[in-house]
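Q: Here our numbering = 1-based position in the sequence shown + 4. By construction, the Cβ of each residue, glycine as well, lies at the ideal position given by its N, Cα and C atoms.
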Amino acid sequence: MPRKKNEEEPKDTIVSLVKLLAEERDIDEEEVFQAIESGLVAAYRREFGGNKQDIKSVNAEIDRETGEIYVYKLAEVVDDVVDEANEISIEDANELGYEDVEVGDEIEIGIDVEDLGRLAASAAKNAINQKLRDAESSKIESEFSGKIGEITSGTIVRKDARNVYVNIGRAEAVVKHDGQIRNNRNERYDQDRIMKFLVMGVEEANGRPSVVLSRTDARLVTKLFELEVPEIKAGDVIIRSVAREAGSRTKIAVYSKDPDIDAKGSCVGQRGQRVQQIMNELAEEKIDIVDWKEDPALFISEALQPAKVSRVDTEISTNENGEVERYAKVIVPDQQFSLAIGKSGQNVRLAARLTGFKIDIKKESDESVEATKTLIDDFTVVDDENGEG
5 MPRKKNEEEP KDTIVSLVKL LAEERDIDEE EVFQAIESGL VAAYRREFGG NKQDIKSVNA
65 EIDRETGEIY VYKLAEVVDD VVDEANEISI EDANELGYED VEVGDEIEIG IDVEDLGRLA
125 ASAAKNAINQ KLRDAESSKI ESEFSGKIGE ITSGTIVRKD ARNVYVNIGR AEAVVKHDGQ
185 IRNNRNERYD QDRIMKFLVM GVEEANGRPS VVLSRTDARL VTKLFELEVP EIKAGDVIIR
245 SVAREAGSRT KIAVYSKDPD IDAKGSCVGQ RGQRVQQIMN ELAEEKIDIV DWKEDPALFI
305 SEALQPAKVS RVDTEISTNE NGEVERYAKV IVPDQQFSLA IGKSGQNVRL AARLTGFKID
365 IKKESDESVE ATKTLIDDFT VVDDENGEG
């Protein structure tokens, strides 16, 4: 049976509204149509009381081209009507134009709604909001779940005692306490300041997806170098490892696949411009760029820069749990010892994380004393053996 459309709905208004909402929320028009249809049903149930509250199945459809609205309920064809809200007799069904129905069939019964245009507008403004938020939330979650580990720019909106809130376009994101650089006076989360962040994940907050960002993750440094250094983006220079104490200092090991390209020089840039750009973004955090070496001893020597190293002895073993342990004894000139250790042990700590070795640093003078003691002990043993002979 042909459907009778409601005559008074604002056709152009509905279609225009859909296009406007879809553009504003950056979601698909079909999702908006479906949201309005759901909203119409909810608004109808809410605004028209009585036994209509008991209708089991109310549906609304909007013609995608014309904007015409059709609201209907499903009713079961029965011999004797008991539930007027959900049942219809064969005779009444015939009068509506359903001539071949049988008992047990379900038919659509159009609902005449007074002032349907006002109802549609109300639904679009109120009842569909949650549906649109759900669609928008789903799109945000889908988009940013695929960007975990990537870099994004955002504008500081506000902050409280624990969190910093950032506008990243379609969504508001959060930088939690552990993702903030708090030990550097140059790092300020002032309102309207634009900064770069690493996307850590998406989680739900107050029923809405919240994008979690970080300024402290070591991968942020990697991504900043990828943005700033064309040779890295092209794949000619590889970042092999990064060790970071956010807000203070980072060590980054780089390697060139092309012997004609200086990996370290590419990252530093002419007159230090490239690395300075990254340091500026990271609140003047110090960055040590070192050459990655396949030989562990050479790599450890590089990692301990700016200190000069005299000798590196490495040992790799497997403990009783089957875990690989890497140990290095590093000998440095006495005057280089403090530099090798670094302030509060930072230099050796970062070098250890960069190389994956436990590093024990000794002065040359201490090593000489130990060597002399060992020589004396060996001589004593030999002398005792001769004496017994």
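Cα-Cα, which of 308, 285, 26 is closest to residue 231?
A: Taking the sequence shown and counting its residues from 1, the one referred to as residue 231 is at position 227. Considering only alpha carbons, the answer is 285.
Q: Which residues share a DSSP beta bridge with residue 65?
A: Stepping through the sequence shown from its first residue, residue 65 is reached at position 61. Answer by DSSP bridge pairing, in chain order: 74.
Q: Could you work out which residue in 68, 216, 200 is closest to residue 206 when comparing CA atoms only?
A: Along the sequence shown, one-based indexing puts residue 206 at 202. The shortest Cα separation from residue 206 among 68, 216, 200 belongs to 216.
Q: Can the beta-carbon of residue 77 be found closer than 9 Å to that of residue 112?
A: Counting from 1 along the sequence shown, the entry for residue 77 is found at position 73. Counting from 1 along the sequence shown, the entry for residue 112 is found at position 108. Taking 9 Å as the Cβ cut-off, residue 77 and residue 112 qualify as a contacting pair.
Q: So who's on the other strand from residue 176, going by DSSP bridges?
A: Translated into the one-based positions of the sequence shown, residue 176 becomes position 172. DSSP lists 171 as the bridge partner or partners of residue 176.
Q: Which residues does DSSP pair with residue 199 in a beta bridge?
A: Locating residue 199 in the sequence shown gives position 195, counting from the first residue. Bridge partners of residue 199: 158.
Q: Would you check if there are 3 or more beta carbon pairs closer than 8 Å linking the stretch 265-278 to the stretch 320-334?
A: Two segments are said to touch when three or more pairs of C-beta atoms, one from each, lie closer than 8 Å; by this definition the stretch 265-278 does not touch the stretch 320-334.
Q: I need the DSSP call for residue 53, collapsed to helix, strand or coil.
A: Locating residue 53 in the sequence shown gives position 49, where the first residue counts as 1. A caution first: residue 53 carries a pLDDT of 48, below 50, which makes its placement in the model too unreliable to give a value.
Q: By alpha-carbon positions, which one of 367, 162, 226, 67 ends up nearest to residue 343?
A: Within the sequence shown, residue 343 is the residue found at index 339, counting from 1. It is 367 whose Cα lies nearest to the Cα of residue 343.
Q: Using only CA atoms, which one of 218, 22, 334 lies nearest to residue 157?
A: On the sequence shown, position 153 is the one that residue 157 refers to. Taking only the C-alpha atoms, the option nearest residue 157 is 218.
Q: In chain order, which beta strand (DSSP E) runs of at least 3 residues are fully inside the stretch 325-376?
A: 328-336, 362-367
Q: Using the rule of at least 16 other Cβ atoms within 10 Å of the residue's Cβ for burial, across every protein chain shown, is residue 54 buried or exposed?
A: Here residue 54 is taken as the residue at index 50 of the sequence shown, counted from 1. Only weak support is given to the placement of residue 54: the predicted model assigns it a pLDDT of 45, under 50, and the value that follows is read from those uncertain coordinates. Per the 10 Å Cβ criterion, exposed.
Q: Taking the C-alpha atoms as reference points, what is the distance between residue 396 and residue 333?
A: The first residue shown for the chain is 5 and the last is 393, placing residue 396 beyond what the model contains.
Q: Quick one: residues in its chain with C-beta nearer than 7 Å to the C-beta of residue 174, no 5 flanking neighbours on either side, listed in chain order?
A: Here residue 174 refers to the residue found at position 170 when the sequence shown is read from its first residue. Only 30, 144 meet the Cβ criterion.
Q: Within 10 Å of its beta-carbon, does residue 193 have 16 or more other beta-carbons around it, so buried, or fewer, so exposed?
A: Looking up residue 193 in the sequence shown gives position 189. With 16 or more Cβ atoms within 10 Å of its Cβ, residue 193 is classed as buried.
Q: Return the residue from the list 301, 240, 256 that minimises the CA-CA distance to residue 320.
A: Here residue 320 refers to the residue found at position 316 when the sequence shown is read from its first residue. Cα-wise, what sits closest to residue 320 is 301.
Q: Do you know how far the Cα of residue 138 is from the Cα of residue 28?
A: Position 24 of the sequence shown holds residue 28. Position 134 of the sequence shown holds residue 138. Between residue 28 and residue 138, the C-alpha separation is close to 15 Å.
Q: Nearest-angstrom Cα distance between residue 295 and residue 202?
A: To locate residue 295, count along the sequence shown from 1; it is residue 291. To locate residue 202, count along the sequence shown from 1; it is residue 198. If I take the Cα positions, the gap works out to 25 Å.
Q: Check each candidate in 340, 304, 315 and name the one with the smallest Cα separation from residue 358.
A: One-based indexing of the sequence shown puts residue 358 at position 354. Here the closest residue by C-alpha is 304.
Q: Answer yes if the stretch 308-318 comes into contact with the stretch 231-245, meaning at least three C-beta pairs across the two stretches below 8 Å, and no otherwise.
A: no
Q: Ends of the alpha helix (DSSP H) at residue 227?
A: The sequence position of residue 227 within the sequence shown is 223, counting from 1. 222-232 is the extent of the alpha helix (DSSP H) around residue 227.
Q: Check this for me: beta carbons of residue 196 and residue 243, under 9 Å apart or not?
A: Counting from 1 along the sequence shown, the entry for residue 196 is found at position 192. Counting from 1 along the sequence shown, the entry for residue 243 is found at position 239. No, they are not a contact pair.
Q: Comparing alpha-carbon positions, which option in 104, 180, 47, 347 lies nearest residue 209?
A: The residue given as residue 209 occupies position 205 in the sequence shown. Of the residues 104, 180, 47, 347, the one whose Cα lies closest to the Cα of residue 209 is 180.
Q: Taking just the CA atoms, how far does residue 25 sit from residue 32?
A: Here residue 32 corresponds to residue number 28 of the sequence shown, with the count starting at 1. Here residue 25 corresponds to residue number 21 of the sequence shown, with the count starting at 1. Approximately 9 Å between the Cα atoms of the pair.
Q: Pull up the distance between the alpha-carbon of residue 256 and that of residue 245, whole angstroms please.
A: Sequence index remark: in the sequence shown, residue 256 carries index 252 (1-based). Sequence index remark: in the sequence shown, residue 245 carries index 241 (1-based). Going by the C-alpha atoms only, they are around 6 Å apart.
Q: What is the DSSP secondary structure of residue 462, counted as helix, strand or coil?
A: With the chain represented from 5 up to 393, any question about residue 462 goes unanswered, as that position is not in the structure.
Q: What does the Cβ neighbour count give for residue 310, buried or exposed, with the cut at 16 atoms within 10 Å?
A: In the sequence shown, the residue the question calls residue 310 occupies position 306. Exposed: under 16 other Cβ atoms inside 10 Å.
Q: Starting from residue 245 and walking both ways along the beta strand (DSSP E), at which residues does that stretch end?
A: Here the question's residue 245 lines up with position 241 in the sequence shown. Bounds of the beta strand (DSSP E) holding residue 245 are 241-249.
Q: Considering Cα atoms alone, identify which of 90, 287, 247, 42 is closest to residue 74.
A: Residue mapping note: residue 74 aligns to position 70 of the sequence shown, counting from 1. Checked all of 90, 287, 247, 42; the closest Cα to residue 74 is 42.
Q: For the candidate residues 370, 292, 299, 331, whose alpha-carbon lies nearest to that of residue 346?
A: Within the sequence shown, numbered from 1, the residue matching residue 346 stands at position 342. The option with the nearest alpha carbon to residue 346 is 292.
Q: Is residue 186 helix, strand or coil when you go by DSSP?
A: Here residue 186 corresponds to residue number 182 of the sequence shown, with the count starting at 1. In the structure shown, residue 186 sits in coil (DSSP, three-state: anything other than H, G, I, E or B).
Q: Out of curiosity, what's the CA-to-CA distance linking residue 349 and residue 336?
A: Counted from its first residue, the sequence shown places residue 349 at position 345. Counted from its first residue, the sequence shown places residue 336 at position 332. Cα to Cα, residue 349 sits roughly 15 Å from residue 336.
Q: For residue 341, which option in 370, 22, 235 has the closest C-alpha, if you only look at C-alpha atoms?
A: In the sequence shown, counting from the first residue as 1, residue 341 sits at position 337. Comparing Cα-Cα distances from residue 341 to each of 370, 22, 235, the minimum goes to 370.
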